[in-house]
Each structure stands twice: as structure tokens, then as C-alpha cells.
Amino acid sequence: MLSGKTILVTGGTGSFGKKFIQKVLEFDVKKVIVFSRDELKQYEMSREYTDSRIRFFIGDVRDKDRLYRAFDSVDIVIHAAALKHVGACEYNPFEAVKTNIHGAQNIIEAAIDKGVKRVIALSTDKACSPINLYGATKLASDKLFVAANAYVGGKDTRFSVVRYGNVVGSRGSVVPFFKKIKGTGKIPVTDERMTRFWITLDQGVQFVLDNLERMHGGEIFVPKIPSMKVIDLAKAVAPDCEIEIVGIRPGEKLHESMITEDDARHTKEFDTYYIIQPEFPWWSEGYTAAGKSLEEGFKYTSDTNTKWLSVDELRELVEDMQFH
């Protein structure tokens, strides 16, 4: 479905954006547009990615007029731009609102008015039962993108959401941080009970591509991925270091959650993923009817997961990992 298409990625100079663009350039795409607000990152990326099909477009998702110009003749939009740092969002709350919520609505309106066919927005586990502002803004964003399918009227634009946890190996993630400081002899872990889902950048990119194929509009796609204990990851990365328990930071959860018990009532299970279905009268199950309904009380959290990575498995994965 990518052949001959023009694809735009907001936040295209980030870890996900760079890996996604690298992947889609393997297909016979017409053009790939990198939309972001940092000209230095765009310059650095232009030196690394020299394919003639790439275009670099400086702009901010807060600026609707700029989005209208960027979305001209675009077929597919991947919305990866966001303010994501939990602490920064807590300290600068309305900046997070302007980018993550107002920016989402700007994407929706520009996509509809410019005739974009498919939009996938990247979400986060923190949008599921949020306890920090970043999660709250991403929950609002998810709601906007799902409801946008009713907002299109008779037009062909379709919107869906992909939700997964922290991407291991991306900029600012815990693995490169542990690797960087292991020479100090101490590894800080916030709580020895803390668990997280494990997904690599490659897996996240492939999951988005898979859902571009299957989406009808309105779905929140959640991958089935293994869990790990953060303390086990520290042992895998730095087995000779002392582990220092430093306490949970403000806005941080003990365990990740991607499907709540309430969401599970309208979620379908497939072999490798779940689909949270919209609760709107316009939604018709269609292909999701083949999925399995979840049992009462089900929730998808990193501490109740059935798949776990051991210290040895984590060590092997970390050794093979490239950082972005």
C-alpha cells in the first residue's frame, strides 16, 4: 500500500521518525516528508539520509497554517511529534497542552481539509489511566484522533492510534542511560518492584506499518510484548555494579498499563495484538469480529503480563541493540 505514496512524519527527526523513514524508503514510495521544528536535527539527518525522495519541512504542529502547506498532496501521515518528558510537561503544563492536544487537533483538521487518506498517531502507555500531565494530554490526543473519524463527514480520511510503552534503545530511554553510567559502579533503580513492557524501535516501526495496512479508522492498536523487571535490566546491563534504590519520581508509575479493565470490555484480542474499539454508533466491527472478546476483569499491565524476559535474555538483547 506504500507504493507511489507520499508519506509525512511529524517529529520525523526523533528516534522513531528516523527509523520509520529508513524503513519506508525500502519501498517504492514517491516521497517522504520530515516535518519537525529543529533545523539542526534536520541538517544532521540530511547528511545521514541522502535519498532523493526525502524532503525536509521545518514547522511546528501548533501552527495549523504550516501544516496545511506541508500536507499538500500527502497520502499518509504518521504523527510522532509530542512533548514527552514527564518532568518537563509537569513544569510547563500548558506547553504540553499546546503541542500534544492543540497540535493533535491541528493535524486532524489539516489532514481532512487536504485530503490525506490515512493518519496514525503514536500514543503511549502513560495515556492509559494517566497520573501525569504528559499521559493526560496523550489520552486527550487519543480521544481526538478516534472521534475524528466522525468529524470527517463524507471524506475519505481515516484516523487510528498505536499505543505502546517506552521504546528500549530510543533517545532518553533507560538502556543507553544504564550503559553510560555503569562505569561509575552504581546503577540507580527507582523501585525494585518496578516493571515495564519491552519493545524495540524496529518492533515499534513494524507495528505501525502493519496497522497502516489493517486500519479502518477509530482503532487503538496495542501490541502483545513481553515484560521485564527494571532491576533485572540493570543486572543485565551492569552485572558488576551496585544497585541503588532511589525512589519513584513524581508522575512515575510502578507498572505500565496499556489496556484498562474498562477498555477491555470493548477490546478484541488477536494473535499478536489487541484492538481497542471505539464506542461510537458509527463503528462497525467488520474485520475485528474475528478477534476474541476478553474475559471480565481483564487488564493489560506490565506486572500481570504472561510473557517475561529473564536477566540472560535481557543481556543478550541489550548486547545486540543499536541506539538511536
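Using this note's numbering, the letters of the sequence shown correspond one by one to residues -12 to 311. Here a beta-carbon is modelled for each residue, glycine too, at the ideal position from N, C-alpha and C. Every value quoted in this text rests on a predicted model; they were computed, and no experiment measured them.
Per DSSP, what kind of secondary structure is residue i in: helix, strand or coil?
i           : result
residue 103 : coil
residue -11 : coil
residue 28  : helix
residue -5  : strand
residue 214 : strand
residue 56  : helix
residue 201 : helix
residue 17  : coil
residue 139 : coil
residue 44  : strand
One question on the structure: do residue i and residue j come within less than 7 Å of each other, judged by their Cβ atoms?
i           : j           : result
residue -1  : residue 22  : yes
residue 3   : residue 20  : no
residue 120 : residue 82  : no
residue 182 : residue 289 : yes
residue 223 : residue 281 : no
residue 256 : residue 279 : yes
residue 225 : residue 174 : yes
residue 60  : residue -7  : yes
residue -5  : residue 64  : yes
residue 6   : residue 188 : yes
residue 244 : residue 115 : yes
residue 186 : residue 218 : no
residue 162 : residue 305 : yes
Could you tell me which of the options sits nearest to residue i, measuring between CA atoms?
i           : options            : result
residue 312 : -7, 110, 141, 236  : Since the first and last residues shown for the chain are -12 and 311, residue 312 lies out of range.
residue -10 : 181, 179, 199      : 199
residue 94  : 75, 56, 113, 123   : 56
residue 132 : 294, 203, 193      : 203
residue 275 : 263, 144, 135      : 263
residue 92  : 125, 297, 10, 299  : 125
residue 69  : 116, 122, 245      : 122
residue 250 : 230, 283, 269      : 283
residue 233 : 180, 269, 29, 27   : 180
residue 75  : 238, 277, 268, 254 : 238
Looking only at DSSP bridge pairs, what is residue i linked to?
i           : result
residue 245 : For residue 245, which the question treats as bridged, DSSP gives no partner whatsoever.
residue 154 : 186
residue 312 : The structure shown does not extend to residue 312, since the chain is modelled only from -12 through 311, so no value can be given for it.
residue 287 : 246
residue 207 : 148, 263
At least 3 beta-carbon pairs within less than 8 Å: the segment 139 to 150 vs the segment 204 to 211: Enough Cβ pairs lie closer than 8 Å, so yes.
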